[in-house]
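Student:
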Amino acid sequence: LSDEVTSAPTPGLAALIRAFGLIGLTSFGGATMTYFFQEIVGRRHYLSHEEMMDQLAISELLPGANPADLAVLVGRRLGGLRGAIAALTAMILPGAILMLVLGVIYFHGGQLSLITPFFKGLGPAAAGLALANALQASGREVRSLRSVWLLPVTVAVVLLLRPATLIVIVVLGAVGVFLFRPRGTPSAPTESSGSPS
Amino acid sequence: VPGPGSTFVEAIGFKAAGVGGALVSLMAIYVPAAVLAYVVGSRWDSLRNWRWHEAIQRGLTPVVAGLLIAASYFLLRATVTNLATATIAAAATVLLLSRRANPMLIVLGGGVAGWLLYH
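Structure follows, in structure tokens:
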């Protein structure tokens, strides 16, 4: 059991539940990633932007619901096993309860049409947030001239060819990894070879 | 509906077996992937001194950023249907970028605007 990981201020379990509960509550319309960045990186500074991108990359490689994977990864980084369980539960519960309530109403012949206008406005707002978040993340990529061209290439490939996300990240990700491949000192023994900086 | 899209499985579980069914189906879909994510996460952390670790980290971020851009494009295409929804989306983008409001208030504001427009 590894608990020697975290770097920045480690939040308590209650703080984690609060942060992820808020993410779960507000993840309307598919902009979940936005809330991860705004809450975990932006507002609370639990992880650096780079760490969050790293966790996001892993979650894209994993099967299953992406935000749920990300909750487990980030929760684990911040609070070990208990953190992972707390993060996942706190994130999915608010939406799950609401879904259950709507389900009960629906299957009992109730009308959901009263709230649909609300979601009609909520959808584009969430999409706008997702765009803003993506632009913020992209702005940071411009700093690395060696790899920034991969960003528009990724966008073009996804929009034109519509491949599965996993294929995109494996193929284009491999290109990115190749750009930053370690050089010099061939085939050193694993780990112990001390890395500078 | 808020939360990950897969919460709809819960509705089917509810239809089939009531509240208990909803909870069971919800757990069944999350637990296996969550266990895998946990294991992969700890394995990845234990490799942080591996010489390829930083290469993988730095190499994947432009692709992830590109995926975020593409995902927001698909979200916009699905939700922006006319001038009013385009205005809501643009306002949300500008507000978040200028850090003038927190994201929760922005989506709620969008919801209220939608309700006023379409009810």
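First to last, the protein sequences are chains A and B.
Under my numbering, the first residue of the first sequence is numbered 4, with each subsequent residue one higher.
Under my numbering, the first residue of the second sequence is numbered 924, with each subsequent residue one higher.
Virtual Cβ for every residue (Gly too), placed ideally from N, Cα, C.
Fair warning: this is a prediction, and the values are worked out from it, not measured in the lab.
#1: Identify the contact partners of A/Leu162 in chain B, using a Cβ-Cβ distance below 7 Å as the criterion.
#2: Should B/Arg966 go down as buried or exposed, given a rule of 16 or more other Cβ atoms within 10 Å for buried?
#3: Touch check for the stretch 83 to 100 of chain A and the stretch 973 to 984 of chain B: three-plus C-beta pairs under 8 Å?
#4: Does any C-beta atom of chain B lie closer than 8 Å to the C-beta of A/Ala140?
#5: Skipping 5 residues on each side, what residues in its chain have a beta carbon closer than 6 Å to that of A/Asn69?
#6: Quick one: is A/Phe121 buried, meaning 16 or more other Cβ sit within 10 Å of its Cβ, or exposed?
#7: Does A/Gly24 get closer than 8 Å to chain B when you measure Cβ to Cβ?
#8: Taking the straight line between their C-alpha atoms, what separation do you get for B/Leu1006 and B/Arg974?
#9: Please determine if the stretch 150 to 163 of chain A and the stretch 1014 to 1023 of chain B are in contact, where contact requires at least 3 C-beta pairs separated by less than 8 Å.
#10: Note down, in chain order, all residues in the stretch 176 to 188 of chain A with a beta-carbon under 9 Å from any beta-carbon belonging to chain B.
#11: Work out the CA separation of B/Tyr961 and A/Gly22 for me, nearest whole Å.
#12: Sort A/Ala128, A/Leu182, A/Leu28, A/Ala34 by Cα distance to A/Leu96 and report the nearest one.
#13: Which chain B residues sit within Cβ distance under 8 Å of A/Pro66?
#14: Would you mind giving the Cβ-Cβ distance between B/Val1003 and A/Ala130, rounded to the nearest angstrom? I have them listed as a contact below 8 Å.
#15: Check the Cβ-Cβ distances between A/Val158 and every residue of chain B, and say whether any is below 8 Å.
#16: Hey, would you say A/Gly124 sits closer than 8 Å to B/Trp1038, going by beta carbons?
#17: Comparing alpha-carbon positions, which option in A/Ala74, A/Val107, A/Arg146, A/Asp57 lies nearest A/Tyr38?
Tutor: Taking the structure as given:
#1: For A/Leu162, the chain B residues whose C-beta falls within less than 7 Å of its own C-beta are Ala993, Tyr996, listed in chain order.
#2: Per the 10 Å Cβ criterion, exposed.
#3: The stretch 83 to 100 of chain A is not in contact with the stretch 973 to 984 of chain B.
#4: Cβ-Cβ to chain B under 8 Å: yes for A/Ala140.
#5: Counting only Cβ-Cβ distances below 6 Å, and skipping sequence neighbours, we find Ser62.
#6: Under a 10 Å Cβ-count criterion, A/Phe121 is classified as buried, with 16 or more other Cβ atoms of the shown protein chains found around its own Cβ.
#7: No, A/Gly24 lies away from the interface with chain B (no Cβ there is under 8 Å from its Cβ).
#8: Whole-angstrom Cα-Cα distance: 51 Å.
#9: Judged by pairs of C-beta atoms under 8 Å, the stretch 150 to 163 of chain A does not touch the stretch 1014 to 1023 of chain B, as fewer than three such pairs exist.
#10: For the stretch 176 to 188 of chain A, which is checked against every Cβ of chain B, the residues closer than 9 Å are Gly176, Ala177, Val178, Gly179, Val180, Phe181, Leu182, Phe183, Arg184, Pro185, Thr188.
#11: Note that residue 22 of chain A is Ala in the sequence shown here, rather than Gly. Spanning the two alpha carbons is a distance of roughly 19 Å.
#12: The option with the nearest alpha carbon to A/Leu96 is A/Leu28.
#13: Chain-ordered, the chain B residues with CB closer than 8 Å to the CB of A/Pro66 read Ala956, Leu959.
#14: With 8 Å as the limit, B/Val1003 and A/Ala130 qualify as a contact, their Cβ atoms being about 7 Å apart.
#15: Yes, contact with chain B.
#16: The answer is yes: Cβ separation under 8 Å.
#17: That would be A/Ala74, whose Cα lies nearest to the Cα of A/Tyr38.
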